[in-house]
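Taking it in order: structure first as structure tokens, then the write-up.
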Amino acid sequence: MLQLRTFKRGGIYPPHEKLSADAKIIFGEIPGNLLIPVNQHIGRPLKITVKKGDAVKRGDLLAESTGFISSNVHSPVDGKVLKIFRFPLLGGLIREVIQIQPTEPGKSFKEVLESDPYFDIDIGSLTPEAIRKRIEEAGIVGMGGAGFPTHVKLSPPPEKKIDALIINGAECEPYITADHRVMVERSSEIIKGIKILQRLFENVPVYIGIEENKPDALKILDELVSKDGDILIVPLKAKYPQGGEKQLIKAVLNREVPSKGLPMDVGVVVQNVATVLAVYDAFYYNRPLTERVVTVSGNVVNQPGNILLPVGTPVSYVVKKFEIDVQKVRLLIAGGPMMGRTSHSFESPVTKTTSALLFFDNRVFAERRENPCLRCGSCLRVCPMGLDVALYTQMIKADKIAPEAKDHIQDCIECGSCAFVCPADRRLVQWMRLGKTIIRREN
Amino acid sequence: MEANGVLIMDSSPLGRTGESTRKIMFTVCLTLVPALAVSVWMFGWDAVRVLVLTAVFTVGVEALIAKFSNTKIDYLDGSALLTGILLAMNVPSNAPWWMLLIGAVVAVVIGKQVFGGLGQNIFNPALVARVFLLISFPMQMTSWPLPGAFDGTTGATPLGILKTEGIGAIKTIGVGDLAMGHIGGSLGEISALALLIGSLYLFYKKYITWEIPVAFIGTVFVFTGAFYLINPAQYASPVFHIFTGGLFLGALYMATDMVTSPLSFKGKLLFGFGCGFFTALIRLFGSYPEGVSFAILFMNAFVPLLDRYFPDKKFGMVKNG
Chain A
917 MLQLRTFKRG
927 GIYPPHEKLS
937 ADAKIIFGEI
947 PGNLLIPVNQ
957 HIGRPLKITV
967 KKGDAVKRGD
977 LLAESTGFIS
987 SNVHSPVDGK
997 VLKIFRFPLL
1007 GGLIREVIQI
1017 QPTEPGKSFK
1027 EVLESDPYFD
1037 IDIGSLTPEA
1047 IRKRIEEAGI
1057 VGMGGAGFPT
1067 HVKLSPPPEK
1077 KIDALIINGA
1087 ECEPYITADH
1097 RVMVERSSEI
1107 IKGIKILQRL
1117 FENVPVYIGI
1127 EENKPDALKI
1137 LDELVSKDGD
1147 ILIVPLKAKY
1157 PQGGEKQLIK
1167 AVLNREVPSK
1177 GLPMDVGVVV
1187 QNVATVLAVY
1197 DAFYYNRPLT
1207 ERVVTVSGNV
1217 VNQPGNILLP
1227 VGTPVSYVVK
1237 KFEIDVQKVR
1247 LLIAGGPMMG
1257 RTSHSFESPV
1267 TKTTSALLFF
1277 DNRVFAERRE
1287 NPCLRCGSCL
1297 RVCPMGLDVA
1307 LYTQMIKADK
1317 IAPEAKDHIQ
1327 DCIECGSCAF
1337 VCPADRRLVQ
1347 WMRLGKTIIR
1357 REN
Chain B
144 MEANGVLIMD
154 SSPLGRTGES
164 TRKIMFTVCL
174 TLVPALAVSV
184 WMFGWDAVRV
194 LVLTAVFTVG
204 VEALIAKFSN
214 TKIDYLDGSA
224 LLTGILLAMN
234 VPSNAPWWML
244 LIGAVVAVVI
254 GKQVFGGLGQ
264 NIFNPALVAR
274 VFLLISFPMQ
284 MTSWPLPGAF
294 DGTTGATPLG
304 ILKTEGIGAI
314 KTIGVGDLAM
324 GHIGGSLGEI
334 SALALLIGSL
344 YLFYKKYITW
354 EIPVAFIGTV
364 FVFTGAFYLI
374 NPAQYASPVF
384 HIFTGGLFLG
394 ALYMATDMVT
404 SPLSFKGKLL
414 FGFGCGFFTA
424 LIRLFGSYPE
434 GVSFAILFMN
444 AFVPLLDRYF
454 PDKKFGMVKN
464 G
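In the order they appear, the protein sequences are chains A and B.
Mind the numbering: the first sequence is residues 917 to 1359 in the numbering used here, read in order.
Mind the numbering: the second sequence is residues 144 to 464 in the numbering used here, read in order.
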């Protein structure tokens, strides 16, 4: 095996807690009720195309994009539009959702998937335009968490020459194993998905970056691609935030995305493995992005696992399926503990970007109170962007942001490494977010 | 579906390493134990008296301020205790109780709380108090009980002897005596070796980093060494200089104080260099025999500038593509 690569600056080593690493992806049933958030992406808000009482089929458009940076939403099941209203999403924000009453609640979702027809397409015959169009239609967004429309990321302006495609299988967040299981169980589909993306950029080498703590995924994919000269598996050191786009590019290609820049500025396009799988599904099964693998874990989950869920599934379905004792749950996190969001409702739905649902009692993460900054420098030491977090947060708090600090504050990737190590329990990520907001308002 | 209680809403990240202000402060205090043990061995119960009194005074003063302050002050977070221990290490073992009380008040009130408390002070509180005492009570602060001399005889420090009596008077003091503490001085001045041993754990925990101590001691060594080479008959050897006075205490525990030292790599190096430069300057040409305290306090004032003008390179500060 190759030597482990990683980014050089900063980073932390939180416990991996990959409790569900060996749990096969299971399939549930169609829940009795789906709440499909209208906007699950970054970009222009969608226009709802259905109304109360409409009958919808699996794959039907529910809300359509209103511009280039926007992404369609489809129905994962046959059913009826019950209601369109505002409801708390995972993370607590109250946003518009489309409530669907499925025609066949309780039906195995595996059966639903198996009844989707398979198309043995010839990738060679697809034009780049057709590929981008299909990805756009299918409502595919970055499934690593950000939810940025994938077709936009795949359409760099012509002056940005792309010479490398990186597939992100780092999965550096503790607990989450969704990408890991996808890489183990659907490896050949991922490779086929990559072949589709390769059509967009002539002869670009492809790198699949995977952290060393997923040896089975590394082995399976390495065997699969050994025949392909242009796909390389890159084992990465298990260091957080290895899966951060800029950190991944630094580790794999030793290129540094410039401040305030994008991966395409250094000739790279990065896609998450789950996103690549969604691309595969969009072409070979003509499926829009309406389901995803979600890790269910945490210290009150007796049998942590991974489950394929239709978008819109309420958390309460997962609670029943995994026999979680709700009386014990004090903390519900959508995503990982480093960057995930807490939620206050068990009825909030899973979205395209929900990689995990974590359930904890209050023993794990104690409440914290901000203490004065000691200037110990821990935050500077672990910041993967090399930011002077301690100084910036003091400036932000005093509402006196030095001009030279502004660009740096905007470069914060909000990975949470600083707050993770802060001995004074300062809410550094929140201060940095506030700083970004202040700077954005000024501009 | 309803939870028994309300679900906690919080912002990411939700995990913690378990480091805390208290843990850092008490760890630093604990690493001073070897040096304190040497001083107790050398000065006997007098050292214990000074230590306990100063610690009780500093924590007491902080507790009093906490009681009347509108903001919440955790006077048991160990920072006041650390200030007390460091102050105790900077005074002679025969210091009267009222001097220690004045020192504690100066350290906590003028050194720390007037700036806004923990983390806000510009100058190292223990050093502010030491310099205040040195200027206010020069007699008491410069006549040092000699180690092992339990009959109350006092004398000057090796640096003091050097300053007043010249190079010939220090010929009899060996390096071993200096490193092991067989010299006159304050509680913390007398054993460079014990301080170094204690500080190793701080390096291991990354509570302190090498830049400041190495730059500090290195600069003193090079600077005094240059003059020693020019004229060994007039100037003491660099080895004598680095093992005497408060250099190890200052370089390892005072200049590296998190609150009052720079954050960046270059800033730390420059800070350490400045401390070393001014220490050597005062020792060689100043009217005071020792310059560590003054040098550190002087450099403390530059910390905001060093932070601002010598920041570390950021990720992405590269030419486009």
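Idealized CB from N, CA, C, for every residue including glycine.
Source: prediction; values computed, not measured.
Cβ of residue i less than 7 Å from any chain A Cβ?
i	result
residue 156 (chain B)	yes
residue 368 (chain B)	no
residue 282 (chain B)	no
residue 171 (chain B)	no
residue 191 (chain B)	no
residue 463 (chain B)	Low confidence applies here, because residue 463 (chain B) scores a pLDDT of 48, under 50, leaving its location unreliable and the question unanswered by this model.
residue 454 (chain B)	yes
DSSP on residue i, reduced to helix/strand/coil?
i	result
residue 1026 (chain A)	helix
residue 1084 (chain A)	strand
residue 1259 (chain A)	strand
residue 151 (chain B)	coil
residue 1326 (chain A)	helix
residue 1248 (chain A)	strand
residue 1158 (chain A)	coil
residue 1184 (chain A)	strand
residue 289 (chain B)	coil
residue 1015 (chain A)	strand
Along the chain, where does the alpha helix (DSSP H) that runs through residue i open and close?
i	result
residue 344 (chain B)	335-347
residue 408 (chain B)	408-428
residue 269 (chain B)	268-279
residue 1211 (chain A)	Taken as a continuous stretch (DSSP letters only), residue 1211 (chain A) belongs to no alpha helix (DSSP H), being part of the beta strand (DSSP E) at 1207-1213.
residue 984 (chain A)	Premise fails: residue 984 (chain A) is in no alpha helix (DSSP H) and is neither H nor E.
Quick one: is residue i buried, meaning 16 or more other Cβ sit within 10 Å of its Cβ, or exposed?
i	result
residue 372 (chain B)	exposed
residue 1356 (chain A)	exposed
residue 934 (chain A)	buried
residue 159 (chain B)	buried
residue 450 (chain B)	buried
residue 924 (chain A)	exposed
residue 1043 (chain A)	exposed
residue 268 (chain B)	buried
residue 1130 (chain A)	buried
residue 1381 (chain A)	In this structure chain A extends from 917 to 1359, so residue 1381 (chain A) is not present and cannot be described.
residue 446 (chain B)	buried
residue 351 (chain B)	buried
residue 1347 (chain A)	buried
residue 1243 (chain A)	exposed
Output the boundary residues of the beta strand (DSSP E) element that contains residue i.
i	result
residue 227 (chain B)	Taken as a continuous stretch (DSSP letters only), residue 227 (chain B) belongs to no beta strand (DSSP E), being part of the alpha helix (DSSP H) at 222-231.
residue 1139 (chain A)	Careful: residue 1139 (chain A) lies outside any beta strand (DSSP E), inside the alpha helix (DSSP H) at 1131-1141.
residue 974 (chain A)	Counting along the chain, residue 974 (chain A) falls outside any beta strand (DSSP E), and DSSP gives it neither H nor E.
residue 356 (chain B)	That residue, residue 356 (chain B), is in no beta strand (DSSP E); its alpha helix (DSSP H) goes 354-373.
residue 156 (chain B)	Looking at the DSSP string, residue 156 (chain B) is not in any beta strand (DSSP E), and its letter there is neither H nor E.
residue 942 (chain A)	941-943
Could you tell me which of the options sits nearest to residue i, measuring between CA atoms?
i	options	result
residue 1178 (chain A)	A:1072, A:1333 and A:1295	A:1072
residue 1022 (chain A)	A:1138, A:1137, A:1052 and A:1229	A:1229
residue 277 (chain B)	B:395, B:433 and B:450	B:433
residue 1300 (chain A)	A:1337, A:1143 and A:1054	A:1337
residue 1220 (chain A)	A:1160, A:1235, A:953 and A:1025	A:1235
residue 469 (chain B)	A:974, A:1014, A:1080 and A:1306	Past the edges of chain B, shown from 144 to 464, lies residue 469 (chain B), and the structure says nothing about it.
residue 1079 (chain A)	A:1171, A:1009, A:1137 and A:1087	A:1171
residue 1332 (chain A)	A:927, A:919, A:920 and A:921	A:927
residue 973 (chain A)	A:1028, A:1070, A:1195 and A:1168	A:1028
residue 256 (chain B)	B:273, B:216, B:169 and B:289	B:216
residue 1377 (chain A)	A:1257, A:1138 and A:1197	This structure cannot speak to residue 1377 (chain A), because chain A is shown only from 917 to 1359.
residue 299 (chain B)	B:260, B:234, B:416 and B:340	B:234
residue 177 (chain B)	B:342, B:403, B:384 and B:442	B:342
Taking 7 Å as the CB-CB limit, is residue i close to chain B?
i	result
residue 1287 (chain A)	yes
residue 965 (chain A)	no
residue 1239 (chain A)	no
residue 1003 (chain A)	no
residue 1258 (chain A)	yes
residue 1175 (chain A)	yes
residue 1172 (chain A)	yes
Name, please, each residue of chain C whose Cβ falls closer than 9 Å to the Cβ of residue i.
i	result
residue 1327 (chain A)	In the structure shown, chain C does not exist; the protein chains are A and B.
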